[in-house]
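Position in the sequence shown counted from 1, then plus 286, gives you this note's numbering. What follows is a single structure, written as structure tokens, with notes after it.
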Amino acid sequence: MVYCFDLDGTLCNTDGNNYSDSTPKKNRIDIVNKLFDEGHTIIIDTARGSVSGKNYFFFTVNQLKSWGVKFHTVRTGTKIGADIFIDDKGVQDKQFFQD
287 MVYCFDLDGT LCNTDGNNYS DSTPKKNRID IVNKLFDEGH TIIIDTARGS
337 VSGKNYFFFT VNQLKSWGVK FHTVRTGTKI GADIFIDDKG VQDKQFFQD
């Protein structure tokens, strides 16, 4: 199975665009890592840089590694900036992580 996770607000707490001070949500990262270990494909998809045009790819990959997040692919700045996403496969983070 392929799982795609948002980053800011989902796998970490971030105040605005202050990504360098983001703090990991360890309990959620543990669940992501368990899925990875079970053989599932993990994609991290973040809007970082989608508005500013700044390239956050390497910063984000290094940050995820420093937090111990296991993943296959990271996508930065490609997520469409929107207030509401309508998707037939969407699951809210609180529902998925049950916290």
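Glycine included, each C-beta is placed from N, C-alpha and C at the ideal position.
1) For a test of the three-state rule: what should DSSP assign to N319, helix, strand or coil?
2) Is it the case that the stretch 374-383 contacts the stretch 331-342, given that we only count it when at least three CB pairs across the two stretches are under 8 Å?
3) Take I330 as the anchor and find which of K340, N348 and G339 has the nearest alpha-carbon.
4) Using a beta-carbon distance below 8 Å, is G295 in contact with chain B?
5) Who are F291's beta bridge partners in DSSP?
6) So, with DSSP's three-state summary, where would you put V347?
7) By DSSP, does N313 sit in helix, in strand, or in coil?
8) Which term fits K311, buried or exposed, when burial requires 16 or more other beta carbons within 10 angstroms of its beta carbon?
9) Between L350 and F357, is the Cβ-Cβ spacing less than 8 Å?
Result, derived from the coordinates:
1) Taking the sequence shown and counting its residues from 1, one reaches residue 319 at position 33. N319 sits in a helix when the DSSP states are folded into three classes.
2) No, the stretch 331-342 is not in contact with the stretch 374-383.
3) By one-based count along the sequence shown, residue 330 stands at place 44. It is N348.
4) The displayed structure is made up of one protein chain only, and chain B is not part of it.
5) Counting from one through the sequence shown, the residue named residue 291 turns up at place 5. Beta-bridge pairing links F291 to I330.
6) Counting from 1 along the sequence shown, the entry for residue 347 is found at position 61. Correct three-state label for V347: helix.
7) Locating residue 313 in the sequence shown gives position 27, where the first residue counts as 1. Of the three classes helix, strand and coil, the one that applies to N313 here is helix, per DSSP.
8) Along the sequence shown, read from residue 1 onward, the residue named residue 311 stands at position 25. When all chains shown are included, K311 counts as buried.
9) By 1-based counting over the sequence shown, the position of residue 350 is 64. By 1-based counting over the sequence shown, the position of residue 357 is 71. Annotated as proximal: L350 and F357, with beta-carbon spacing under 8 Å.
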